[in-house]
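Report on the structure given below.
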Amino acid sequence: MMKITTRLILAFLIGVLLVIAAGGLAVWQLSRAQIRIEGFTTDIMPSVKILVAAKDATANARVAVWKHIATADPAKKAEYESQIRQSFSAIDTQLAAYESLVSDAEDRAALAADKATYAAYKQEMDHTLGASRSGDTNAAVAFAGRGKGAALAASWTQHIGYNNRMAVAMKQDNDRAYAQSLWLSFGLMALSALLALVWGGLLCRNIKRGLGDLASTMETISSRLDFTLRAPGAGRDEIGQASQAFNRLLERLQSSLRTLQQGVMAVAESSQELQAASRQVAQSSDTQSASSAQMAAAVEEMTVSINHVATRAEEAQQLAGESAGQAGNGQQVIGRSVADIQAIAATVSGASEDIVQLESRSQDIASVVSVIRDVAEQTNLLALNAAIEAARAGESGRGFAVVADEVRKLAERTAASTQEIGAIIAAIQQVSGSVVGRMQQTVQQVEQGQEGVQSAQQSMSSLHHGASQSARLVTEISDAIREQGMATNSIAQQVEVVAQGAEENSCAASQAAALAARLEEVAGSMRQEVSAYRV
-15 MMKITTRLIL AFLIGVLLVI AAGGLAVWQL SRAQIRIEGF TTDIMPSVKI LVAAKDATAN
45 ARVAVWKHIA TADPAKKAEY ESQIRQSFSA IDTQLAAYES LVSDAEDRAA LAADKATYAA
105 YKQEMDHTLG ASRSGDTNAA VAFAGRGKGA ALAASWTQHI GYNNRMAVAM KQDNDRAYAQ
165 SLWLSFGLMA LSALLALVWG GLLCRNIKRG LGDLASTMET ISSRLDFTLR APGAGRDEIG
225 QASQAFNRLL ERLQSSLRTL QQGVMAVAES SQELQAASRQ VAQSSDTQSA SSAQMAAAVE
285 EMTVSINHVA TRAEEAQQLA GESAGQAGNG QQVIGRSVAD IQAIAATVSG ASEDIVQLES
345 RSQDIASVVS VIRDVAEQTN LLALNAAIEA ARAGESGRGF AVVADEVRKL AERTAASTQE
405 IGAIIAAIQQ VSGSVVGRMQ QTVQQVEQGQ EGVQSAQQSM SSLHHGASQS ARLVTEISDA
465 IREQGMATNS IAQQVEVVAQ GAEENSCAAS QAAALAARLE EVAGSMRQEV SAYRV
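Going by our numbering, 121 is the number at position 137 of the sequence shown; the sequence numbering is gapless.
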């Protein structure tokens, strides 16, 4: 058995298919009509127009020929010949245009007949005009009366009649197609209406019967409160599925009501037990409240003691911090003293090195003075030798003797000066040697003092580190005591909360006992209410 949705969709699809068929038929007929109309407007009408124009041109040529025969004026004859040529040119143009409009073999045969008759008429026209131009009117009339012009006009008329017959046949085809389309459209509409009525009637009957059975079952269950009933619904459509779902709901409700009956009995029993337990909880809460009050007093005393210890710990922390600060200041002073002693040691060491260099330079100077003294002695000897040689030379060497004497005196003074410089340098070397010894002793003493100050600095650093460590430990102890005080305060607050909770529990237990009694009453009412249902 199909579902209601499937049947509705099928009915809709059939209707859509019928509409599409009707629309397709209409579109097909319209396209055929459009083709016929286009054939009429683009083939028959232009063909008739061309043939009528060719027939008119033929009539104009025939009239001009007779005028040409009737007149004796050469100018008029030339004018009429020009009109005849224009008519023939128009006929040629129309025949060339008709070539593209030929529709079938009959039309092509008619066009070939038109062309043959037209060629014969043109040949006749040449003989006629030649006789007329030469003045032989009788011969011209004889040529013109042979009937080629009338035959051409008749050929045009027959060809036009063919196109008219084509138009009439096209109209008849169009009328037949219109009648067929009209009857087919009416047939499709009637078939659509019939299918819709039959299908809709069957669908409505099935829906009404299924929903009626389901509604009857619901009404019976509502009036009797009998959850053992079930809705008839063996079908596989939506109504059958709804009936089956309703039956499953009834089964769930039936099971729930059974469970509810059992639960009501259990609630009644539990409410009695809850009432007894609530009384016991109230008694225990009173005992807990008294114990909490005593605990709160003890915690309060412990909090006061901890706060006192915390105050003393803060004082110890302050003293430890001051000691650490003073130790740090002493360490800084000793550090500066060490730096000053190191600077003095560096200065003394530099001065000792300078004195050593001075002694070295003094020895260099003594060496130079010794060389100068040796040079002065050699110069003195040379001056004596020069004086002796000048004395031997007599008057000619007197001037040289004077110079040699001056050189000798200068050498003596130089020797005396070098002796004095040597004595001074010896004294300087003696003093510098003594100074170097004393400076070395001073450097050793400064180094010993520096080592002592560094030892004191290390001791002060250890003292500062110990004081800082003591301050940190005292701080940690103070923080721990402070946190302990906060913890005891929190404990005191929690004990108060516990005491309040005990009092509230006592009140809640009393209320629970009252609610348990009320619950027992409600359970009795529910038991009476549930007993009305048949499960």
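By construction, the Cβ of each residue, glycine as well, lies at the ideal position given by its N, Cα and C atoms.
Next on the checklist: Using the three-state DSSP reduction, which class does D197 fall into: helix, strand or coil?
Outcome noted: helix
Checklist entry - Helix or strand or just coil, what does DSSP make of D210? => result strand
Checklist entry - Between which two residues does the alpha helix (DSSP H) harbouring E90 extend? => result 89 to 117
Checklist entry - Using CA coordinates, which residue listed in I53, T459, V36, R117 is at the minimum distance from V125? => result I53
Checklist entry - Can you name the start and end residues of the alpha helix (DSSP H) that I75 belongs to? => result 58 to 82
Next on the checklist: Is the separation between the beta-carbon of Y105 and that of G133 shorter than 8 Å?
Outcome noted: yes
Checklist entry - Three or more C-beta pairs closer than 8 Å, one from the region 38 to 49 and one from the region 149 to 158: is that the case here? => result no
Next on the checklist: Just to check my reading of the structure: M109 and I68 have Cβ atoms closer than 8 Å, yes? What is that Cβ distance to the nearest angstrom?
Outcome noted: 7 Å
Item to check | C-alpha distance - Q495 paired with L233, whole-angstrom precision | outcome: 39 Å
Checklist entry - By DSSP, does P216 sit in helix, in strand, or in coil? => result coil
Item to check | Under 8 Å between C-beta atoms of D98 and S139 | outcome: yes
Item to check | Environment of I409 [buried if 16+ CB atoms lie within 10 Å] | outcome: buried
Item to check | Between the CA atoms of S509 and F230 - distance to the nearest angstrom | outcome: 29 Å
Item to check | Alpha-carbon spacing of D348 relative to S439, whole angstroms | outcome: 44 Å
Item to check | For T271, three-class secondary structure by DSSP | outcome: helix
Next on the checklist: H143 and L(-3) - do their beta-carbons sit closer together than 8 Å?
Outcome noted: no
Item to check | Local conformation of V86 per DSSP, three classes | outcome: coil
Checklist entry - Could you give the distance in angstroms between the alpha-carbon of L520 and the alpha-carbon of W12? => result This structure cannot settle anything about residue 520, because the visible part of the chain is limited to -15 through 519.
Checklist entry - Shortest alpha-carbon distance to A252 belongs to which of E487, R376, R502, V0? => result R502
Item to check | Expected contact under 8 Å - CB spacing of S227 and A215 to nearest Å | outcome: 4 Å
Next on the checklist: Suppose the cutoff is 7 Å on Cβ atoms and the five residues either side in sequence are ignored; what does the same chain contact list for G(-1) look like?
Outcome noted: S176, A180
Checklist entry - How long is the line joining the alpha carbons of K393 and V359, rounded to whole angstroms? => result 14 Å
Item to check | Assumed close pair A128, T112 - CB separation to whole angstroms, cut-off 8 Å | outcome: 5 Å
Item to check | Rounded straight-line distance, which links the Cα of R376 to that of A385 | outcome: 10 Å
Checklist entry - Going along the chain, which residues of its own chain have a beta-carbon closer than 8 Å to the beta-carbon of L2, five neighbours each way excluded? => result L172, L175, S176, L179
Item to check | When Q267, L95, N158 are compared against A80, the one with the closest alpha-carbon | outcome: L95
Item to check | Assigned secondary structure, R320 (DSSP; H/G/I helix, E/B strand, else coil) | outcome: helix
Checklist entry - Taking the alpha helix (DSSP H) that T42 falls in, what are its first and last residues? => result 29 to 54
Checklist entry - Taking Cβ positions, are I4 and N147 nearer each other than 8 Å? => result no
Checklist entry - In terms of alpha-carbon separation, which member of W50, V86, Q425, A59 lies closest to V32? => result V86
Checklist entry - When the Cα of T402 is compared with those of A199, S351, A370, which residue comes out closest? => result S351
Item to check | Alpha-carbon spacing of G7 relative to L(-6), whole angstroms | outcome: 19 Å
Next on the checklist: Taking 7 Å as the limit between beta carbons, can you name the residues of its chain near P30, skipping five residues before and five after?
Outcome noted: L85
Checklist entry - If we cut at 8 Å on Cβ distances, does K393 have a partner in chain C? => result You won't find chain C in this structure, because it holds only one protein chain.
Checklist entry - With burial defined as no fewer than 16 other Cβ atoms inside 10 Å of the residue's Cβ, what is the status of T201: buried or exposed? => result buried
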